[in-house]
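**Q** For my numbering, add 3 to where a residue sits in the sequence shown, where the first one is 1.
Note that CB positions come from ideal geometry on N, CA and C, so glycine has one too.
First, the structure itself, so that you have it in front of you.
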Amino acid sequence: MRVRLDKAKCAGHAQCYAVDARLFPIDEMGYSILTVLEVQSGDEETARSGAAACPERALFLEGDETHSDQGSPQEHVRHDSRDLS
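And the structure:
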């Protein structure tokens, strides 16, 4: 599994960094400096959480076998907060 950053969407909220500073490094202004993260065994859930924490949806999971549609991690994590009425 990989995490990829769309730099144009990153607004420097650093929510990914708050999840795990090692996996989601930032610059001095709070913007992600991630290019592509090859997720190691044991870091999958943390990678998913960090990507899902991005309010701008700037982080994308690739090759995540847990989620077959390969969509934004936000769709998988926040589905329970949608208004279903």
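1. Should the region 63-70 be called in touch with the region 22-33, which here means at least 3 C-beta pairs below 8 Å?
2. Return the chain-ordered list of same chain residues with a C-beta closer than 7 Å to the C-beta of residue 23, the five sequence neighbours on each side being excluded.
3. With which residues is residue 63 paired in a DSSP beta bridge?
4. Drop a sphere of 10 angstroms on the beta-carbon of residue 35, count the other beta-carbons inside from all chains shown, and report buried for 16 or more, exposed for fewer.
5. Between the alpha carbons of residue 7 and residue 42, how many angstroms are there, rounded?
6. For residue 90, which option in 11, 58, 14, 26 has the closest C-alpha, if you only look at C-alpha atoms?
7. Let me know if residue 55 comes out buried or exposed under the rule of 16 or more other beta-carbons within 10 Å of its beta-carbon.
**A** This is what the structure holds:
1. Using a Cβ-Cβ distance cut-off of 8 Å, the region 63-70 and the region 22-33 are not in contact, since fewer than three pairs of beta carbons, one from each stretch, lie closer than that value.
2. Counting only Cβ-Cβ distances below 7 Å, and skipping sequence neighbours, we find 49, 53.
3. BP columns for residue 63 point to 7.
4. Counting other Cβ atoms within 10 Å of its Cβ, residue 35 reaches 16 or more and is therefore classed as buried.
5. Rounded to whole angstroms, residue 7 to residue 42 spans 11 Å at the Cα level.
6. For the chain, the structure presents residues 4 to 88; residue 90 sits outside this window and is missing.
7. So residue 55 ends up on the buried side.
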